[in-house]
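Below is one structure; the comments refer to it alone.
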Amino acid sequence: MEYTQLGRTGLKVSRLVLGTMNFGPQTDEADSHAIMDAALDAGINFFDTANVYGWGENKGRTEEIIGTWFAKGEGRRDKVVIATKVYGNMGADGAAWPNHDKLSAVNIRRAVDASLKRLKTDYIDLYQFHHIDRSTPFEEIWQAVDVLIQQGKILYVGSSNFPGYKIAQANEIAARRGGTIGLVSEQCLYNLAERRAEMEVIPAAQDYGLGVIPWSPLHGGLLGGVLKKEAEGVRRASGRAAETLKDPAARAQIQAYEDLLDKHGIEPGEAALAWLLTRPGITGPIVGPRTADQLTSALRAVDLELSEDLLAGLDEIFPGPGPSPEAFAW
7 MEYTQLGRTG
17 LKVSRLVLGT
27 MNFGPQTDEA
37 DSHAIMDAAL
47 DAGINFFDTA
57 NVYGWGENKG
67 RTEEIIGTWF
77 AKGEGRRDKV
87 VIATKVYGNM
97 GADGAAWPNH
107 DKLSAVNIRR
117 AVDASLKRLK
127 TDYIDLYQFH
137 HIDRSTPFEE
147 IWQAVDVLIQ
157 QGKILYVGSS
167 NFPGYKIAQA
177 NEIAARRGGT
187 IGLVSEQCLY
197 NLAERRAEME
207 VIPAAQDYGL
217 GVIPWSPLHG
227 GLLGGVLKKE
237 AEGVRRASGR
247 AAETLKDPAA
257 RAQIQAYEDL
267 LDKHGIEPGE
277 AALAWLLTRP
287 GITGPIVGPR
297 TADQLTSALR
307 AVDLELSEDL
317 LAGLDEIFPG
327 PGPSPEAFAW
């Protein structure tokens, strides 16, 4: 496994991030524990979750599964950089009681304590804001964060799904307050098929020293060999991938992608992950395996070298938007 610094921090993290969103809804506790053991054995030390994972009446279940894994001991907690998130409504019935969601100081305090209890740990390495809160000023957010850092409950803070201007705003306010390190990472939607982050989000992250952690690196399975699997009767497309493939132009684009990788003898899912590892500013993509076999496939991407010819071919099929403002100004 390769490691890198998380943004401008001294924290060393693996270049693949274990996503845990399937733990609970798709993968039972025993299999989830087996996947985490396999990830740790492979050198993955960066695990990502969120307080809302488990969804619906089971919100928080994913953190609980990680907590019971930590409780097994044998150095599991000390070896893992655990990242979780705050913002979403944790009410099981879907209706948030006032001050029980978003990024007010009172909800941040409440949410941290609840996550710590579920995770069975006394600190969170990376505490991420799951979405921007248009109602809460960053002065209040940073004040709450400062208290939690002083209490030893969190070590670093990151953002998720932030636009570029909010990354800048958050860190400028942190700098004016003094003594606050500010955001150190941004977790955003970024992959071959969805490259809009290259316009504003990734440049802002690079300028402010944030590590970038792409989520949905296979774009809901679309980049994982979906047409080949469909033709072989292995698995039919579903969700975002199925909707996208209804468009003949999009289907032709994915077919060109799979044909190109077949020519080079590379599995599509592994190539999509390896491509992200070549991109400037990227810490590592989040892989969310439902099974141990899916984790094994993802691990091969770390050692996969993509030729200049292949990279050029991928850019031709999935052209990026170009830098801002040129991408939209002319």
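Per our numbering: the sequence shown = residues 7 to 336. All C-beta atoms in this analysis are idealised placements derived from N, C-alpha and C, irrespective of residue type, glycine included. As the structure is a computational prediction, the values presented were derived from the model and not from experiment.
Roughly how many angstroms lie between the CA atoms of residue i and residue j, to the nearest whole one?
i       : j       : result
Glu-145 : Ile-179 : 7 Å
Ala-36  : Val-23  : 20 Å
Ile-147 : Asp-268 : 49 Å
Gly-185 : Leu-17  : 18 Å
Asp-128 : Ile-187 : 21 Å
Lys-159 : Ala-56  : 16 Å
Gly-79  : Ser-303 : 27 Å
Tyr-196 : Asp-119 : 31 Å
Glu-204 : Tyr-171 : 14 Å
Tyr-93  : His-270 : 43 Å
Glu-206 : Asp-253 : 28 Å
Asp-84  : Leu-161 : 14 Å
Gln-300 : Ser-191 : 26 Å
His-106 : Asp-43  : 34 Å
Ile-155 : Trp-281 : 35 Å
Asp-34  : Glu-236 : 26 Å
Leu-310 : Lys-108 : 40 Å
His-39  : Glu-238 : 31 Å
Ile-50  : Leu-12  : 14 Å
Arg-182 : His-137 : 22 Å
Which residues bound the alpha helix (DSSP H) around residue i?
i       : result
Val-87  : Val-87 -> not in any alpha helix (DSSP H); beta strand (DSSP E) instead, spanning 87-92.
Val-232 : 232-237
Asp-54  : Careful: Asp-54 lies outside any alpha helix (DSSP H), inside the beta strand (DSSP E) at 52-54.
Using CA coordinates, which residue listed in the options is at the minimum distance from residue i?
i       : options                            : result
Ala-150 : Gln-134, Val-112, Ser-165          : Val-112
Arg-306 : Ala-318, Ile-114, Pro-274          : Pro-274
Ala-248 : Thr-186, Leu-228, His-270          : Leu-228
Ala-98  : Val-58, Val-87, Tyr-133            : Val-58
Pro-413 : Asn-95, Pro-295, Asp-309, Ser-313  : Because the chain spans 7 through 336 in this model, residue 413 falls outside it and cannot be assessed.
Ala-256 : Phe-52, Leu-198, Arg-67, Ile-173   : Leu-198
Pro-220 : Asp-253, Gly-245, Thr-284, Glu-236 : Thr-284
Leu-168 : Arg-241, Leu-161, Gln-157, Ala-211 : The sequence given here places Phe at residue 168; Leu does not occur at that position. Residue Ala-211 is the option with its Cα nearest to Phe-168.
Ile-272 : Gly-245, Gly-230, Ala-237          : Gly-230
Ala-277 : Ile-292, Leu-224, Arg-241          : Leu-224
Ala-201 : Gly-94, Ile-323, Asp-315, Ser-244  : Note that residue 201 corresponds to Arg in the displayed sequence, not to Ala. Among Gly-94, Ile-323, Asp-315, Ser-244, the Cα nearest to that of Arg-201 belongs to Ile-323.
Asn-95  : Gly-49, Ala-44, Gly-60, Arg-242    : Gly-60
Leu-320 : Ala-335, Leu-279, Asp-309, Ser-330 : Leu-279
Pro-329 : Ile-292, Tyr-214, Ile-208          : Ile-208
Arg-14  : Thr-142, Tyr-214, Leu-312, Ala-101 : Tyr-214
Ser-244 : Gly-226, Leu-312, Val-293, Ala-258 : Gly-226
Ile-130 : Ser-141, Gln-157, His-137          : Gln-157
Output the boundary residues of the beta strand (DSSP E) element that contains residue i.
i       : result
Asp-131 : 130-135
Glu-354 : Outside the displayed span of the chain (7 to 336) sits residue 354, for which this structure offers no information.
Leu-12  : Segment: none, Leu-12 is in no beta strand (DSSP E) and carries neither H nor E.
Gly-185 : Segment: none, Gly-185 is in no beta strand (DSSP E) and carries neither H nor E.
Leu-161 : 160-166
Lys-18  : 18-20
Ile-219 : 217-221
Gly-25  : 23-25
Check whether the Cβ atoms of residue i and residue j lie closer than 8 Å to each other.
i       : j       : result
Ala-333 : Pro-327 : yes
Thr-289 : Thr-10  : yes
Thr-74  : Asp-54  : no
Phe-29  : Ile-71  : yes
Gln-261 : Leu-233 : yes
Val-163 : Tyr-133 : yes
Glu-63  : Thr-90  : no
Phe-76  : Arg-82  : yes
Ser-110 : Phe-135 : no
Ile-173 : Leu-122 : no
Does the beta carbon of residue i sit closer than 8 Å to a beta carbon anywhere in chain D?
i      : result
Phe-53 : No chain D is present in this structure, which holds just one protein chain.
Skipping 5 residues on each side, what residues in its chain have a beta carbon closer than 6 Å to that of residue i?
i       : result
Ala-176 : Phe-144, Leu-189
Phe-52  : Val-19, Ser-20, Val-23, Val-87
Asp-139 : Lys-108, Leu-109
Once the 5 residues before and after residue i are set aside, which same chain residues still bring their CB inside 7 Å of it?
i       : result
Ala-48  : Met-7, Leu-305
Gly-287 : Ile-208, Ala-211, Gln-212, Val-218
Arg-242 : Glu-236
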